[in-house]
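Take a look at the structure set out below.
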Amino acid sequence: MRIVIPLLQGSPYLDIPEPFIKPKKYLAPTPFNRKAGLTSGGFPDFSVWIRSFPVLIVEAKPPDVPVEVGYHEAQMYAAYLNQNYPTGINPAHFVFATNGVDFMAGCWDSKPAISGKVIDLLPQSTVTVEFQKLCGRLILEDHAHKCLLAAKAKRFLLPYNLAGGQALLRATVNLNQFAAPLAPLLQRYFSSSKQSSIKEIVERAYVSSDEVTEYDRILESLLKERVSARRGNTVEYLHPERGGEENFQRSISIFANDENLSRLDRREGHLQLIQGAVGSGKSLFMERYKQTLQPKAAKEKTKWATVDFLGAPVSLVGAEDWLCRTFIDSFQIDNRDIDFSDISVLRGIYSRKLQQKKPIYAELEKASAEKAAIRRAEDMLEWQDNAEDTTRGIAEYIMGSRQEALVVVMDNVDRLDRDNQLAAFQLTLWFLNLTRAFVVLQMRDETYERYKDRPPLDTYRTGVVFHISPPRFIDVVKRRLELSIEYLSKEAGRDKTYEIESGMRIRYSVEELQNFLTRLYNALFDRNRNISRVLEALAGKDVRRALEIFGAIITSGYLSTTTIASNTLGSGDVWLKEHTILRILMRTNRRFFSKDSGFVQNIFAYDDACEKPDNFLLIEILFYLFKNKKTVGLINVEGYFTCTQIADAMQKMGYVPDDVFLTLRHLTRTELVVTDRMNTTDLIWQDSIRILAAGWVHLRLLSGRFEYLFGCIPTTPIRDQKTAQQLADLLKIEAERGELLFYQKLRAVEIFFEYLWHERQAAITPFNDGPESGAEYVLGHIQESIEATKNPLKARTKNRVEDILDFER
339 MRIVIPLLQG
349 SPYLDIPEPF
359 IKPKKYLAPT
369 PFNRKAGLTS
379 GGFPDFSVWI
389 RSFPVLIVEA
399 KPPDVPVEVG
409 YHEAQMYAAY
419 LNQNYPTGIN
429 PAHFVFATNG
439 VDFMAGCWDS
449 KPAISGKVID
459 LLPQSTVTVE
469 FQKLCGRLIL
479 EDHAHKCLLA
489 AKAKRFLLPY
499 NLAGGQALLR
509 ATVNLNQFAA
519 PLAPLLQRYF
529 SSSKQSSIKE
539 IVERAYVSSD
549 EVTEYDRILE
559 SLLKERVSAR
569 RGNTVEYLHP
579 ERGGEENFQR
589 SISIFANDEN
599 LSRLDRREGH
609 LQLIQGAVGS
619 GKSLFMERYK
629 QTLQPKAAKE
639 KTKWATVDFL
649 GAPVSLVGAE
659 DWLCRTFIDS
669 FQIDNRDIDF
679 SDISVLRGIY
689 SRKLQQKKPI
699 YAELEKASAE
709 KAAIRRAEDM
719 LEWQDNAEDT
729 TRGIAEYIMG
739 SRQEALVVVM
749 DNVDRLDRDN
759 QLAAFQLTLW
769 FLNLTRAFVV
779 LQMRDETYER
789 YKDRPPLDTY
799 RTGVVFHISP
809 PRFIDVVKRR
819 LELSIEYLSK
829 EAGRDKTYEI
839 ESGMRIRYSV
849 EELQNFLTRL
859 YNALFDRNRN
869 ISRVLEALAG
879 KDVRRALEIF
889 GAIITSGYLS
899 TTTIASNTLG
909 SGDVWLKEHT
919 ILRILMRTNR
929 RFFSKDSGFV
939 QNIFAYDDAC
949 EKPDNFLLIE
959 ILFYLFKNKK
969 TVGLINVEGY
979 FTCTQIADAM
989 QKMGYVPDDV
999 FLTLRHLTRT
1009 ELVVTDRMNT
1019 TDLIWQDSIR
1029 ILAAGWVHLR
1039 LLSGRFEYLF
1049 GCIPTTPIRD
1059 QKTAQQLADL
1069 LKIEAERGEL
1079 LFYQKLRAVE
1089 IFFEYLWHER
1099 QAAITPFNDG
1109 PESGAEYVLG
1119 HIQESIEATK
1129 NPLKARTKNR
1139 VEDILDFER
């Protein structure tokens, strides 16, 4: 080690960057083929990897072992690696061996090109220069580049481009006939931006903690917070029940007691952190507490204001003036009983400053009472223009003169990226010191847990953090639907009509529409159907996204009006098959699925800029992250791995690290994974990544669904021209007729599977072979899907096979 590493890394020698050099354990998961000639060991001591290729094999032996033995073993291992690559590609081209006294270097299939004593390898010596010319960094990089060019397949084709191009993907379908009469309901109860109905929702559609539905073990483990194991005694869960919330109420009560409010000069403010995932309902909880859960006596003695950080400047450095002005505007809107145009109110707000200038006013009054009054008015106008003075004054007026509590909510801070969340915390501390109010700061759970022991969060180390868990898709939609049905009941007696595909007009009553909504809900969220799990996973912990998904389903043109008619007028359950919902989730109102059309992603696609394109790269990354979701990564949180760690794992499987990074960036943007910084755009190599429930459901459920596979075909890069053209021909038929016949769809998926299978066989290496690879897992799912489509009765009676993604690790 003391000799090998300096020779490999040292700039006077081979000058190979440290990340390129992998130790023996890097290859340990792969058994060595002892038939190749090795009698001991099984793995080289070091290997140098560049652009996914093992280009240099290194053996280090003790002094009592002849260097020839090490050189032979290095050659044998290089030969073993090379035999797994296509003819003409021998990435493990260079070998190097030393026993600390002697060394040998050369090529995998020939005698040593250089040999001698290690002591002679001095900087700029003749033998060192020859060593560099043989296998120095530039030589290795050039060889890796040649291997990459040789391994790179011909240019890929996208089936949709051969079938009509972007016009094909932009084509839309009309919304169903129910969309128009349901539009008011969707606007009123399913739009997160509809503020006019917030009061009604928090009062009558709030999901209490004791009403949250739980799913199966695996989905629960991904939907629930991953930081729970690190929580200490300072974290308390909020349990908003129908009648109140004890923990939050107690915290405000302690702050608002008469003794605390009466100590104007000695009073301290209170910072209350509430953590939880984005969309978990922190804002809705605060609104519900303010409007409904707050005890009546406390409500009469409490003033509220909300600072929405979604309107904050891009940089929060120096944002104190914005914070104060936003607070002032919110306070005036939320507290109409305090008239800022009333001179007595203004005197109360600026009483401290008026008191400080009292001697000056007294002198002016000796000359003229009118001049003193004018001076006071001019001063108050000046103070009004100063947002900081007014903010401090409002706080002193409310908590001093009026003896009321002031609660200020820093809203939507959790929707900022990590750096801005930390900056918002620092800004909140400044505001707290200025006002000494009860300040609520919302923060992502992962941000708090990771940085609670570092500045600036370490200043809150002794504080109690409240944690709120998100309601589930199934529960949120149920409550909103109950309000919708009640809303519809007010229109009873007003029959409506809609037209089905055949042109027939159907008359239906409001009561029938109510029944339809109820049966639709039951069809979507039947716990015995996997579609319920898909919906929950895609929504994750984001209630806003859940509402958006349900709105898209209920108005989609793929929800057949003929089917609606047969069920609206009947009494059975809604005839809503899984493949219909999957089509809606993939296409929404588009004729074909693409990256811009729905709520799911194509796991077979890859970035155009990839050096070594592969249809399984995204799959392998998700598979790796799930398999290791219980492992603690470098940031000491389960399931998080740096981009560098993931790239190292993928490189063994034949993937270029830069390609892995491009794919991780895509997965982050599409929210199949999440970074420790919670950023979705500016990914860096040091960021840590973990899989989300949406990533899991793409592998575990969607990859085995016929509709999903068929939907992915238009936008999957195909590197075989014949295959791409066959698929494009079928897409043209679908574009012309609106739907393919059953046998045509089956043929399309079979062609797709055959292509993917051949791609997989061509890419097998010793490090990605076997059932523990994502490619084998997904191909198995596709094959099962095809068989089930051909023989549905046999598939239903077949015993369920245990799935590797159904087990905790």
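In the numbering used here, the protein residues as written are 339 to 1147.
Using N, Cα and C, we set each Cβ at its ideal position, and we do this for glycine too.
Just so you know, these numbers come straight off a predicted model, no measurement behind them.
- Residue 578 places its beta carbon 8 Å or farther from that of residue 647.
- Collapsing the DSSP output to three states places residue 700 in a helix.
- The stretch 445-475 is shown to contain whole alpha helix (DSSP H) runs of 4 or more residues at 464-473, in chain order.
- The three-state secondary structure of residue 510, taken from DSSP, is strand.
- Following the DSSP letters along the chain, one finds residue 1128 inside the alpha helix (DSSP H) bounded by residues 1112-1128.
- By a beta-carbon distance limit of 8 Å, residue 1123 contacts residue 1047. Their separation comes to about 6 Å.
- In this structure, residue 739 lies away from residue 656, with their beta-carbon atoms at least 8 Å apart.
- For residue 342, the enclosing alpha helix (DSSP H) stretches over residues 342-347.
- Just so you know, the alpha carbons of residue 1010 and residue 980 end up roughly 16 Å apart.
- About 6 Å separates the beta carbon of residue 818 from that of residue 528, a gap short enough to meet the 8 Å contact definition.
- Positions of the alpha helix (DSSP H) runs, each at least 4 residues long and wholly inside the stretch 685-730, are given as 689-694, 696-705, 707-723 in order along the chain.
- Annotated three-state conformation of residue 606 is coil, per DSSP.
- Residue 706 counts as exposed, since fewer than 16 other C-beta atoms from the protein chains shown sit within 10 angstroms of its C-beta.
- If you compare the alpha carbons of 777, 754, 351 with that of residue 1016, the shortest gap goes to 754.
- Between the stretch 1019-1034 and the stretch 1052-1066 there are fewer than three C-beta pairs closer than 8 Å, too few to call the two in contact.
- A buried status is given to residue 999, since no fewer than 16 other beta-carbon atoms sit within 10 Å of its beta-carbon.
- 350 is the residue among 350, 592, 997 whose C-alpha sits nearest the C-alpha of residue 461.
- Distance from the Cα of residue 690 is smallest, within the candidate group 725, 785, 734, for 734.
- Judged by DSSP in its simplified three-state form, residue 827 adopts helix.
- By the neighbour-count definition (other C-beta atoms within 10 Å, threshold 16), residue 383 is a buried residue.
- A direct Cα-to-Cα measurement between residue 591 and residue 636 gives close to 8 Å.
- Put simply, the stretch 395-402 does not touch the stretch 1060-1080. Fewer than three CB pairs are less than 8 Å apart.
- Listed in chain order, the beta strand (DSSP E) runs fully inside the stretch 637-688 are 640-646, counting runs of at least 3 residues.
- Residue burial is scored here from C-beta neighbours: residue 627 has at least 16 other C-beta atoms within 10 angstroms and is therefore classed as buried.
- When 882, 675, 723 are compared, the shortest CA-CA separation from residue 659 is found for 723.
- Assigned with DSSP and collapsed to three states, residue 386 falls in strand.
- Short of 6 Å from the beta carbon of residue 789, and not among the five residues preceding or following it, lie these beta carbons of its own chain, in chain order: 795.
- When secondary structure is reduced to three states using DSSP, residue 421 falls in the coil class, being assigned neither helix nor strand.
- With a beta-carbon spacing of about 4 Å, residue 594 and residue 743 fall inside the 8 Å limit used to define contacts.
- The stretch 417-430 makes no contact with the stretch 461-475; the number of CB pairs closer than 8 Å stays below 3.
- With contacts defined as CB atoms closer than 8 Å, residue 359 and residue 386 qualify as a contacting pair.
- The Cβ-Cβ distance between residue 929 and residue 509 falls below 8 Å.
- A Cβ-Cβ contact shorter than 8 Å links residue 666 with residue 729.
- By the C-beta criterion, the stretch 881-900 is judged not to be in contact with the stretch 498-505, since fewer than 3 inter-stretch pairs fall below 8 Å.
- Annotated as proximal: residue 1032 and residue 876, with beta-carbon spacing under 8 Å.
- Contact between the stretch 938-950 and the stretch 999-1008 is established, with three or more Cβ pairs separated by less than 8 Å.
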